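Respectively, the protein sequence lines represent chains W and G.
Heads up, the first sequence is in my numbering, so the first residue is 347 and it goes up one at a time.
Heads up, the second sequence is in my numbering, so the first residue is 1011 and it goes up one at a time.
Don't be surprised by glycine CBs; every beta carbon is placed ideally from N, CA and C.
It should be emphasised that the depicted structure is a prediction, and the values quoted were computed from it without experimental measurement.
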Amino acid sequence: MNKNMRVLGLPYVAWMLIFICLPIVLLGVYSFTNNTGNFSLENFKSFFTPIYIQILLNSLYLAFISTVICFILGYPVAYIIAKIPSEKTRNTFLLLFILPMWMNFLLRTYSWMTLLGNNGLINTLLQALSLPQLNLLYNSGAVLLGMVYNFLPFMIYPIYSILIKIDANYAIAAGDLGANPRQTFMKITFPLSIPGVITGITMVFMPAVSTFVIPSLLGGGQNMLIGNLIEQQLMQAGNWHFGSAASLIMMTIILIAMQVMNRFDKTQQKNMEMLA
Amino acid sequence: MKKTIIEARNLYKEFDKTAVVKHINFTIAENEFVTFLGPSGCGKTTILRMIAGFEMPTSGEIFLYDKVINDIPAYLRPLNTVFQNYALFPHMNVFENIAFPMRLKKQDKNSIGKKVAQLLDVVNLGGYEQRDVSSLSGGQQQRVAIARALANDPKVLLLDEPLSALDLKMRKEMQVELKKIQQEIKKTFIYVTHDQEEALTLSDKIIVLNHGQIQQSGTPTDIYNEPVNTFVADFIGESNIIDGSMTKDFEVEFLGKKFICVDEKPDQQTNRVIVVIRPEDIEIGQRQEHTINGVVTSIVFKGVHYEIMVQCNDYDFMVHTTDYHEIGKDVGLDFGPDDIHIMKAG
Ligand SMILES: Nc1ncnc2c1ncn2[C@@H]1O[C@H](COP(=O)(O)OP(=O)(O)OP(=O)(O)O)[C@@H](O)[C@H]1O
Ligand SMILES: [Mg+2]
Chain W
347 MNKNMRVLGL
357 PYVAWMLIFI
367 CLPIVLLGVY
377 SFTNNTGNFS
387 LENFKSFFTP
397 IYIQILLNSL
407 YLAFISTVIC
417 FILGYPVAYI
427 IAKIPSEKTR
437 NTFLLLFILP
447 MWMNFLLRTY
457 SWMTLLGNNG
467 LINTLLQALS
477 LPQLNLLYNS
487 GAVLLGMVYN
497 FLPFMIYPIY
507 SILIKIDANY
517 AIAAGDLGAN
527 PRQTFMKITF
537 PLSIPGVITG
547 ITMVFMPAVS
557 TFVIPSLLGG
567 GQNMLIGNLI
577 EQQLMQAGNW
587 HFGSAASLIM
597 MTIILIAMQV
607 MNRFDKTQQK
617 NMEMLA
Chain G
1011 MKKTIIEARN
1021 LYKEFDKTAV
1031 VKHINFTIAE
1041 NEFVTFLGPS
1051 GCGKTTILRM
1061 IAGFEMPTSG
1071 EIFLYDKVIN
1081 DIPAYLRPLN
1091 TVFQNYALFP
1101 HMNVFENIAF
1111 PMRLKKQDKN
1121 SIGKKVAQLL
1131 DVVNLGGYEQ
1141 RDVSSLSGGQ
1151 QQRVAIARAL
1161 ANDPKVLLLD
1171 EPLSALDLKM
1181 RKEMQVELKK
1191 IQQEIKKTFI
1201 YVTHDQEEAL
1211 TLSDKIIVLN
1221 HGQIQQSGTP
1231 TDIYNEPVNT
1241 FVADFIGESN
1251 IIDGSMTKDF
1261 EVEFLGKKFI
1271 CVDEKPDQQT
1281 NRVIVVIRPE
1291 DIEIGQRQEH
1301 TINGVVTSIV
1311 FKGVHYEIMV
1321 QCNDYDFMVH
1331 TTDYHEIGKD
1341 VGLDFGPDDI
1351 HIMKAG
């Protein structure tokens, strides 16, 4: 890199230092100190107690389930859209699935509340039909729904972009060699799309683990997740030390998950680079 | 007479109302090496894809032996294709690629292993089983693609410009190899190329196409020596194409001179004809009574022969000869009656 380039890069370096490195350093400092400012492992000790472990496991579990649902729903959608021959129609359909993302995240989640609530649209309708009301809001189901609804596009898009790039000749060649359409999908198309699936899983799982808006709006107080815990500790309880420790633990878990995913991705990637 | 394995009757294909293959008929015999030869866009690939089953004919029939196969999907046809870009599966190694069709048929492990090794021997890649396909050169990938296409013991192997991605030297080597493989395994090869030299080298039979129509079909020697029209004459090898006239059989007049020839008058409606003379059939020497006289305007060494341009009144002749003639020299061009090919005018 020459000198000019280095000068041009300075604002970005500054930006990174202030907005990425500094917060992480602060996070580390807070989580390893106590109220008096002395070094302490107290925060971590109190995190690893049954009640918080339960919250952590619950968060991981919900994020996992919503990732699985997103995959089951998202893959076929991505596949069907990628199969549309006309590029224009393809883009239109893709847009339909991506469009909700352009709306404010809070707004979208609030609107689910007005649909699911006790006085919401669905229950009003049930009432009008003299059917019993349902408890739709403030449970894990509502949280899952909110996660799937909000994060589904993150699954569809990477899978779609990989599927669209796979050379159509592979499927034609498989058919030529005697594979029926189902075998062609299972043995050729799906394995070749795995890098997209991995990106999709990562992009759904990460925000699903850490979200606090969805559980606090749709899950009510009963369904506390790790995101809520952190938010509560930082904003309400004012316990920055414990909140930072919880954040750090969550970040570590996400990093490990990503690392595992990347390992998969690399072996795939190596195979994909050829013949391209 | 060899048994016919593939036949097309009145085969017609259009894309978006544009005819691409126009009511063609051809037969291909068992164990024959047949080449579809023609310029880019003439419909070669489309014909091959219809035989393979990737493309549906708009009308007409394709027969395998005496059965119409129009409605049989590609994966059920006993034919296999070698693709121009090889289409080797990137997530499988060489062994897995070749074993793929046999795995689908649930053959047992031992026989798959043996068959893969045997196929790799046929294509001269013995011991390459565990290699990543991405680590192979173009020529090696090509061989793997051929081995894979042969794994199902297809009745016919379809090859769409399989050598076009290779450099000249590799291409020549693979031509020899392909011919050897075909003779060794005794299968029908249907080959597509726009390279006339490749077609002449490899084929038992060449089908020359232009604008979706068959121009001529026959052995390489037939096509080269007896082109039926100026398109074939011009497309296959180099040609001198001259306007002439014929008032009776076996005599043609061009460039102001009368010549004896071996052809009858092709068209009774008009005296106008087209004369084709191959550059290597012309002898270049002293000016004489019966020769066409001209001046050497250029000479280029082509490796085995010189390519000499000779300007004669209205026409520039191309001559291939091993003798050197310097630019500006007065020369006479001589050729025999059977070197003159007569064709119907336009
Ligand atoms: N799927 C398609 N849709 C529309 N037109 C097509 C399609 N496939 C081929 N064509 C057209 O049909 C004509 C013949 O194409 P084809 O691929 O058979 O030519 P080719 O002889 O194989 O040429 P090349 O030597 O360039 O490969 C071309 O004009 C091409 O544009
Ligand atoms: Mg082609």
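- Under the DSSP definition of a beta bridge, E1071(G) partners with R1019(G).
- Its Cα nearest to that of D1131(G), the residue V1154(G) stands out among G1148(G), L1146(G), G1149(G), V1154(G).
- At the C-beta level, V1186(G) and A1157(G) stay beyond 8 Å of one another.
- Interface with chain G (8 Å Cβ-Cβ cutoff): Y516(W) is included.
- I1318(G) has I1309(G), V1329(G) as its beta-bridge partners, per DSSP.
- In summary, Q1298(G) is exposed, with fewer than 16 beta-carbon neighbours lying within 10 Å of its beta-carbon over all protein chains present.
- Annotation for K1182(G) indicates a beta carbon at 7 Å or more from all heavy atoms of ligand 2.
- Inclusion of T1056(G) in the 7 Å shell around ligand 1 follows from its C-beta lying nearer than that to a non-hydrogen atom of the ligand.
- The beta carbon of P537(W) sits closer than 8 Å to some beta carbon of chain G.
- Counting along the chain, the unbroken alpha helix (DSSP H) around S405(W) starts and ends at 396–429.
- In the same chain as A554(W), and ignoring 5 residues on each side of it, the C-beta atoms closer than 8 Å to its own belong to L408, A409, S412, T413, M493, F497, in chain order.
- By a beta-carbon distance limit of 8 Å, G542(W) contacts I505(W). Their separation comes to about 4 Å.
- Using a cutoff of 7 Å, the CB of D1205(G) does not count as near ligand 2, since none of the ligand's heavy atoms is closer than that.
- Scanning the region 1228–1263 of chain G from its first residue to its last, the whole alpha helix (DSSP H) runs of 4-plus residues come out as 1230–1235, 1240–1245.
- Residues of chain W whose Cβ lies closer than 9 Å to the Cβ of Y1085(G) are, in chain order, A520, G521, D522, L523, G524, A525, N526, P527, Q529, T530.
- A Cβ-Cβ contact shorter than 8 Å links P1237(G) with Q1226(G).
- Residue side-chain check: C367(W) keeps its Cβ at 7 Å or more from all non-hydrogen atoms of ligand 1.
- In the assembly as shown, D522(W) is a buried residue. Its beta-carbon has 16 or more other beta-carbons within 10 Å.
- Distances from the CB of G1070(G) to the heavy atoms of ligand 1 are all 7 Å or more.
- For D1081(G), the CB stays at least 7 Å from every heavy atom of ligand 2.
- Counting C-beta pairs closer than 8 Å gives three or more between the region 1243–1255 of chain G and the region 1277–1293 of chain G, which meets the contact rule.
- Going by C-alpha positions, K1032(G) is about 47 Å away from L445(W).
- In terms of Cα proximity to L1265(G), the closest of Q1278(G), V1283(G), K1258(G), D1259(G) is V1283(G).
- For L1212(G), not one C-beta of chain W is nearer than 8 Å to its own C-beta.
- Annotated three-state conformation of F1043(G) is strand, per DSSP.
- Counting only Cβ-Cβ distances below 7 Å, I534(W) has contacts in chain G at F1099, in chain order.
- When C-alpha distances from S1050(G) are compared across K1179(G), T1068(G), V1202(G), A1084(G), the shortest belongs to V1202(G).
- A direct Cα-to-Cα measurement between G1070(G) and D1026(G) gives close to 18 Å.
- Every unbroken stretch of the beta strand (DSSP E) spanning 3 or more residues and falling wholly within the region 1075–1132 of chain G is given here in chain order: 1089–1092.
- A Cβ-Cβ distance of about 6 Å is found for the pair G1048(G) and N1220(G), placing them in contact under the 8 Å criterion.
- Note: M549(W) is not bridge-paired with any residue in the DSSP secondary-structure output.
- At least one beta carbon of chain W lies nearer than 8 Å to the beta carbon of R1158(G).
- Taking 8 Å as the threshold, the shortest C-beta distance from A1062(G) to chain W falls below it.
- Per DSSP, the unbroken alpha helix (DSSP H) holding D522(W) starts and ends at 514–522.
- For T1198(G) and V1272(G), the gap between their C-alpha atoms comes out near 36 Å.
- Here the alpha carbons of P1111(G) and G524(W) stand approximately 6 Å from one another.
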